[in-house]
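Accompanying notes for the structure given below.
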Amino acid sequence: MTIFSILGLAGAMLLLAITPGPGVFATVARALASGFKHASLVVAGIVVGDLIFLLLAIYGLSAMADVLGSFFTVVKYLGGTYLIWIGYKIWTAEPNKTVIEGVKELSWKSNFFSGLAITLGNPKVILFYLGFLPTFVNLSALSTFDVVIIAIVVSVVLGGVMLGYAYSATRAKQLFKSEKTERKMNRIAGGVMMTTGTVLIAKA
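With the working numbering as the guide, the letters of the sequence shown map in order to residues 3 to 206.
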């Protein structure tokens, strides 16, 4: 890989990452409901899911998208149901009268796996990488070092953009301290999360 192909890949990933989608909506929802720390774990799950599909694409395992078609359908239903459940938890959470801390019931595992479910529930991601990467690199001529560089670029750009969304949403929430406003924010965040889950199931 050359520095130009790396920069081109990073630029294209940036444009992809900033485009609003299920991952962005889920990240913003968690940031509004429980703050940056919780949202960052959702981002971690999203990035890991992307890396899994990226590696599948790089190592020529595109056939798995067809072989595991039914598996991806199951993941979509489970992931969508999981996101709806989390959204419900956020929606029904009682406001904290003193400090905005979000929904404490949701562990780091719940946040991480919700992010992972969003990506793994969308097999189009692997198809995207299969069509996207050859524009910048020759998949058949990649060395291990090249693969590591690509993985780092995807992780840094995708993770950075998602964390930027999470940080912005968290900062926005700090402007609203009243119990009434927090209840509204929780319902907006919960509604977005449940909508994301519903869309995921509808596309299964």
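We treat Cβ as the ideally placed atom computed from N, Cα and C, and that holds for glycine. Computed from a predicted structure; not experimentally measured.
Note that the C-beta distance between L56 and F114 is not below 7 angstroms. For L135, no alpha helix (DSSP H) segment is defined, and its DSSP state is neither H nor E. Per DSSP, the continuous alpha helix (DSSP H) segment holding L34 begins and ends at P24 to S36. Here the region 160 to 169 makes no contact with the region 3 to 13; the two share fewer than three CB pairs at distances below 8 angstroms.
Annotation for T21: no alpha helix (DSSP H) segment contains it, and DSSP assigns it neither H nor E. Rounded to the nearest whole angstrom, the CA to CA distance from V30 to T197 is 13 angstroms. The alpha carbon of N188 has as its nearest neighbour, out of I20, S36 and F27, the alpha carbon of S36. Judged by beta-carbon spacing, G51 lies beyond the 7 angstroms limit of L144, meaning their Cβ atoms are not closer than that value. Residue environment for A168: buried (at least 16 other C-beta atoms within 10 angstroms of its C-beta). A residue is called buried when at least 16 other Cβ atoms come within 10 angstroms of its Cβ; I154 does not meet this threshold and is exposed. Take the alpha-carbon of V127 and the one of T172: they are about 27 angstroms apart. Considering only V45, K39 and G82, the residue with the shortest C-alpha distance to V156 is V45. Beyond the five residues adjoining it in sequence on each side, I152 comes within less than 8 angstroms, by CB distance, of M3, L11, L56, I60, L135, V139 and L144 in the same chain, given in chain order.
Our two residues, L118 and G25, have alpha carbons roughly 10 angstroms apart in a direct line. Using a Cβ distance threshold of 7 angstroms, I120 and A28 count as a contacting pair. Pairing I203 with G82 gives a Cβ-Cβ distance under 7 angstroms. Separation of R32 and G193 (C-alpha to C-alpha, rounded to the nearest whole angstrom) is 11 angstroms. Rounded to the nearest angstrom, the Cβ distance from G47 to S116 is 6 angstroms, consistent with a contact under 8 angstroms. For A119, the enclosing alpha helix (DSSP H) starts and ends at W110 to L122. Between I190 and the set G89, A19, G13 and V149, the nearest pair of CA atoms involves G89.
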